[in-house]
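Numbering-wise, the numbering used here puts 887 at position 242 of the sequence shown, and it's gapless, one number per residue. Cβ atoms here follow ideal geometry from the backbone N, Cα and C, with glycine treated the same way. None of the values given here were measured: they were computed from a predicted structure. Working notes, beginning with the structure itself.
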Amino acid sequence: MMFDLLIIGGGINGVGIANDAAGRGLRVALCEQDDLASGTSCKSSKLIHGGLRYLEYHEFGLVRKALREREILLRKAPHIIKPLQFVMPYASQLRPAWLIHCGLFLYDHLAKRQQLPASHRINLKNHVAGKPLKTHYKTGFTYYDCLADDARLVILNAMQAKQFGAQIFTRTQFVSADRQDDHWQVTIKNVRDDTTQTLQARVLVNAAGPWAENVLIENLHSPTTDHLTLVKGSHIVTPKLYQGNHAYLLQNTDKRVVFVIPFHEHYSLIGTTDLPYQGNPKDAVISEQEINYLCAVVNQYFQQPITTKDIIWTYSGVRPLKASDAKNLSTISRDYSLELDQSSAQAPLLNIFGGKLTTYRQLSEQALKILQPYFSNMGPDWTAKQALPGGDINTNNFADFILQLQSQYSWLPQQLLNHYANNYGTKVHQLLQNAENISDLGKDYGGGLYQIEIDYLKANEWAETMEDILWRRTKFGLICRPE
Ligand SMILES: Cc1cc2nc3c(=O)[nH]c(=O)nc-3n(C[C@H](O)[C@H](O)[C@H](O)COP(=O)(O)OP(=O)(O)OC[C@H]3O[C@@H](n4cnc5c(N)ncnc54)[C@H](O)[C@@H]3O)c2cc1C
646 MMFDLLIIGG GINGVGIAND AAGRGLRVAL CEQDDLASGT SCKSSKLIHG
696 GLRYLEYHEF GLVRKALRER EILLRKAPHI IKPLQFVMPY ASQLRPAWLI
746 HCGLFLYDHL AKRQQLPASH RINLKNHVAG KPLKTHYKTG FTYYDCLADD
796 ARLVILNAMQ AKQFGAQIFT RTQFVSADRQ DDHWQVTIKN VRDDTTQTLQ
846 ARVLVNAAGP WAENVLIENL HSPTTDHLTL VKGSHIVTPK LYQGNHAYLL
896 QNTDKRVVFV IPFHEHYSLI GTTDLPYQGN PKDAVISEQE INYLCAVVNQ
946 YFQQPITTKD IIWTYSGVRP LKASDAKNLS TISRDYSLEL DQSSAQAPLL
996 NIFGGKLTTY RQLSEQALKI LQPYFSNMGP DWTAKQALPG GDINTNNFAD
1046 FILQLQSQYS WLPQQLLNHY ANNYGTKVHQ LLQNAENISD LGKDYGGGLY
1096 QIEIDYLKAN EWAETMEDIL WRRTKFGLIC RPE
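The structure is reproduced here in structure tokens:
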């Protein structure tokens, strides 16, 4: 079969482009060498944010673009993306108050805000956010961004792409591609059994994230290199450090910031670091130096210190940043570039370099705009308005949606109902379609994981292994015992 697009990589940018293209009527195939979202896209800080600190590097264009996107994504996927209040304790020796005021003013006004409140100053002595902090932090600033389930954002885009007819090949590696007049002859390999298959596609899209350079050199034998700078970032997870649903943005003396984010009800997610990285992104793990760094920043602010013993999970991801020789890795732009290789006018290759989780939808739209000359009859932009699977909630208030579900599934324990609502949105009805009482959920694996959910994930979300289910489709890995 001749596809219009063959996309390499099932991270957020690959599935975003696949979804956008398939929704415009293009014939799309995507191959991912492992599980969907198994690369950088499940190892982020999970923020849909403008990036307050990027203002210091004068990245106004990127911040505006990302701020605008927060509101769009909140509407598209209210089940997996939620507003998140940040509190920044004021430390006079780090950034002056006037600078923070200016930054927050810009953050409030660079893009239109309809759903998220504006920033303001708070008195930490009588604010709940002041309670866990050391007593000399008397003032703070608060502003809003959003918290997303990064891996599920990837899965939902892949599901929607499939609904539009895209073929999603998971555990399938892109091996090689040869230009043949007006198309590519592509070889892909099923890594489950090492069998290969050839496909034809008019356009090739390299969305392999931190592997994009590798794909160019090893699979496409391209002479050009140095498109990316790879930067490792790590997170630690501890039992919840404080009461409340707010997050903290902690300034450090090296001018970086560390986030402390409420994570799956009982935990705190703390990150991140910026370290140069070489090697296969799959092998990235946290170092002792990074653990000490993150603990030290938290301990500057919180009364109750944390140590290595409090850490119950860690993960490390590799940022594919646009190439730079900057010494301070935190200053490298988080924006993306899309580069069209037109060595053959008929069979182009589009390379995706860089990009954030937050900007994947705009990046995808821009990719399709670049490819428009090759597909004169493709449909118009559509992704800003249409909800992702499960996101078509008929109320502006997620709490009302939960109430609706409570009356429909009164037999479901509250915690399980919350989990289904937050993970699946309106797809909960498909998940529970044959269930009328708790025993209909099937085998109980503990911690809230039942057979019915595993079956749903295998049938609808490409889940194949325990890790796919426990660490990407859900975060039951945090509470389930390995056996
Ligand atoms: C520590 C950290 C924190 C971050 N925090 C945030 C944040 O809070 N907010 C935000 O907006 N952004 C954040 N980001 C950035 C964001 O996570 C990434 O920019 C984004 O996930 C990159 O997505 P991608 O699709 O380009 O790459 P990936 O998700 O890595 O996807 C690329 C995929 O290509 C596949 N692949 C590679 N080679 C082949 C091949 N030969 N054949 C088939 N498949 C192949 C890989 O297996 C991989 O799944 C963060 C990044 C890091 C590292």
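Item: Check: T1004 C-beta below 8 Å from any heavy atom of ligand 1; Value: yes
Item: Assigned secondary structure, N1042 (DSSP; H/G/I helix, E/B strand, else coil); Value: coil
Item: Cβ pair G1093, Q1060 closer than 9 Å; Value: yes
Item: C791 versus A774, Y782 and L761, residue with shortest Cα-Cα distance; Value: L761
Item: Residues that DSSP places opposite K967 in a beta bridge; Value: L873
Item: Residue-chain proximity (A796, chain C), Cβ-Cβ < 9 Å; Value: No chain C appears in the structure shown, which is made up of a single protein chain.
Item: Spatial distance of H765 from V850 (CA atoms); Value: 43 Å
Item: Alpha-carbon to alpha-carbon, P855 and L681; Value: 15 Å
Item: Inter-residue spacing [alpha-carbon to alpha-carbon] between S989 and M733; Value: 52 Å
Item: T1028 - DSSP class collapsed to helix/strand/coil; Value: coil
Item: Other residues of its chain near A736: CB distance less than 8 Å, five sequence neighbours each side excluded; Value: Y782 and Q896
Item: Within 9 Å, strictly: CB atoms of G962 and G684; Value: yes
Item: Residue from I725, A674 and Y1069 with nearest C-alpha to L844; Value: A674
Item: Boundaries (first-last residue) of the alpha helix (DSSP H) holding Q1096; Value: Q1096 to N1105
Item: Proximal residues to K721 (C-beta, below 6 Å), its chain only, five neighbours per side dropped; Value: A1032, L1033 and G1036
Item: Q825, DSSP secondary structure in three states; Value: strand
Item: Separation of D827 from V848, as counted between CA atoms; Value: 9 Å
Item: Cβ distance (whole Å) where S913 is taken to contact K954 below 8 Å; Value: In fact, because the Cβ distance is near 15 Å, the residues do not count as touching under 8 Å.
Item: Which listed residue (F814, N925 and L873) has its alpha carbon closest to that of N835; Value: F814
Item: Ligand 1 heavy atom lying under 8 Å from the CB of D795; Value: yes
Item: Nearest-angstrom Cα separation, counted from Q923 out to L650; Value: 30 Å
Item: Secondary structure of P1135, DSSP reduced to three states; Value: It is not possible to answer for residue 1135, since the shown part of the chain is limited to 646 through 1128.
Item: Three-pair Cβ contact test at 8 Å for the stretch 863-882 versus the stretch 660-673; Value: no
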